[in-house]
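Q:
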Amino acid sequence: MILSELAKAVGGVLRGDGNLEIDRCASVRNAGTGAITYVDSKSRVPDLDACSASAVITGDGIKTNLSAIEADIPALAFAMALEILHPAGGKADGIHQTAVIDPSSKLGGECSIGPYVTIGGGCEIGDRVTIRASAVIGEGCRIGGGSVIFPRVVIYDGSIIGRNVILHAGAVIGADGFRFVEHGNERKKMPHIGIVRIGDDVEIGANSCVDRAVLDETVIGDGVKIDNLVQVGHNTVIGENSVIAGSCGISGSCRIGRNVVMGGQVGIADHIEIADGVVLAAKTGVTASIKKPGVYGGSFAQPIAEWRKSHVAYRKGSETLRRLSRLEQKGEKVEK
């Protein structure tokens with residue numbers, strides 16, 4: 003598209019030649035003719051001297067000889083440009099001849115269905131949905147418009163996926179949760195007949211799993227971002243705009259608030275409630291509900307300041323023991 007159209011699309015102010023044709027985004031180092039790049043600080047302006055980009059996205063007050071789009075938050079404007087020029091679903095290629103689609107399912111307009119995709123009966127697929135090779139969509143699923151389903155994703159029967167959702171390769175939505183009833187020396191499987199409901203603008207990373215509910219719904223709220231290799235247990239509800247980094251494990255029946263942030267490898271026990279706005283440092287173990295916003299850390303979650311103090315004390319443990327031993331020896335001499 004031409005630069006003036008791109009400026010309007012990302013909400014920026016055009017500086018320079020609005021008729022320049024822009025066909026891709028690129029780094030400052032590798033940008034060439036037809037590319038747009040971005041810099042977000044004055045210290046990076048000298049990098050543009052040897053740059054061959056056609057245009058740049060900058061912040062207000064950053065001067066450059068290139069044609070530019072000025073934006074309040076250059077990184078955000080560049081992210082929007084990336085979405086426009088490099089859409090996640092790629093170009094619409096229609097329905098591949100090897101795809102197997104049940105006649106009772108409904109597909110919206112401009113959908114792209116890749117090789118060996120399977121779509122079960124009674125599904126509703128919205129407009130401009132992209133489903134890549136070998137993905138499996140079970141019976142009675144709903145997928146909102148603009149969503150992108152990458153290769154080998156499996157969506158079990160009855161799952162509901164919102165608009166503009168991205169499911170990366172290998173993600174599994176709606177498998178049975180991990181619940182068994184002890185019976186003597188055996189464990190009886192608890193059948194899961196609930197569903198998974200995923201809101202709008204959600205992204206779920208590669209090989210992550212969201213288990214279906216036992217009876218009701220496992221819910222991923224609007225705007226939630228989940229990294230790779232994350233486990234979300236049955237009947238858990240995750241509030242809007244929460245962010246979960248890689249290798250986290252969330253047990254069943256948890257209630258995660260809005261705008262919660264989890265670092266990598268956080269583990270949460272079952273039936274835990276976490277308040278809105280909580281931040282969990284990497285490798286935090288949560289075994290009791292957290293009722294107040296704040297930053298928490300440690301093997302047993304506690305306010306981060308307390309955890310740091312206890313960690314320092316732990317590191318000084320051997321020194322403290324030696325001092326105590328010396329004091330005991332002195333005490334014994336005094337007593338004698």
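Following the working numbering, the numbering of the sequence shown begins with 3 at its first residue and continues without gaps. All C-beta atoms in this analysis are idealised placements derived from N, C-alpha and C, irrespective of residue type, glycine included.
1. According to the Cβ coordinates, are S56 and T39 closer than 7 angstroms?
2. Is the Cβ-Cβ distance between I133 and I157 less than 7 angstroms?
3. Among residues of its own chain, excluding the 5 on either side of T289, which ones have a beta-carbon nearer than 8 angstroms to its beta-carbon?
4. Just verifying my parser: in three-state terms, what is the DSSP assignment at H313?
5. Per DSSP, what kind of secondary structure is A177 in: helix, strand or coil?
6. Could you tell me the alpha carbon to alpha carbon distance between N187 and G179, rounded to whole angstroms?
7. Report the partner residues of M264 according to the DSSP bridge assignment.
8. Could you tell me which of G128, G333, H194 and S249 sits nearest to C113, measuring between CA atoms?
9. Count the C-beta pairs between the segment 64-77 and the segment 88-102 that are closer than 8 angstroms, then say yes if the count reaches three, no if not.
10. Bridge partners of E275, per DSSP?
11. What are the boundary residues of the beta strand (DSSP E) that L16 is part of?
12. Using the three-state DSSP reduction, which class does E337 fall into: helix, strand or coil?
13. Skipping 5 residues on each side, what residues in its chain have a beta carbon closer than 8 angstroms to that of G111?
14. Report the rounded CA-to-CA distance for A307 versus K318, giving the unit in angstroms.
15. Which partner residues does H170 have in the DSSP bridge list?
16. Can you tell me whether DSSP reads F302 as helix, strand or coil?
17. Assuming D229 contacts A215 (C-beta within less than 8 angstroms), just tell me the rounded distance between them.
18. In the DSSP assignment, the beta strand (DSSP E) including A37 goes from what residue to what residue?
19. Between the Cα of L109 and the Cα atoms of C256, R144 and A90, which residue gives the shortest distance?
20. Do you know how far the Cα of E242 is from the Cα of G265?
21. Contact defined as beta carbons within less than 8 angstroms: I believe L217 pairs with I195. What is the distance between those atoms, to the nearest angstrom?
22. For F80, which residues from the same chain have a beta carbon less than 6 angstroms from its beta carbon, with the 5 sequence-adjacent residues on both sides left out?
23. Hey, out of G225, A83, P105 and G235, whose CA is closest to R257's CA?
24. Using the three-state DSSP reduction, which class does E184 fall into: helix, strand or coil?
25. Rank K44, K65 and A70 by C-alpha distance to the C-alpha of G13 and give the top, closest one.
26. Could you give the residue range of the alpha helix (DSSP H) that holds S54?
27. With which residues is K191 paired in a DSSP beta bridge?
A: Looking at the atomic coordinates:
1. no
2. No.
3. A271, I274, F302 and A303
4. The answer is helix: DSSP assigns H313 an H, G or I state.
5. Strand at A177.
6. 21 angstroms
7. I246 and L282
8. G128
9. no
10. R257
11. V15 to R17
12. helix
13. Answer for G111: D129 and R130, listed in chain order.
14. Roughly 17 angstroms separates the two Cα atoms.
15. Beta-bridge partners of H170 (DSSP): none assigned.
16. coil
17. Their Cβ separation, rounded to whole angstroms, is 23 angstroms, which puts D229 and A215 out of contact at 8 angstroms.
18. In the DSSP assignment, A37 falls within the unbroken beta strand (DSSP E) covering A37 to Y40.
19. Taking only the C-alpha atoms, the option nearest L109 is R144.
20. Looking at the two C-alpha atoms, the distance is approximately 17 angstroms.
21. 6 angstroms
22. Hits under 6 angstroms: Y40 and I59.
23. Taking only the C-alpha atoms, the option nearest R257 is G235.
24. strand
25. A70
26. Taken as a continuous stretch (DSSP letters only), S54 belongs to no alpha helix (DSSP H), as it is neither H nor E.
27. F182
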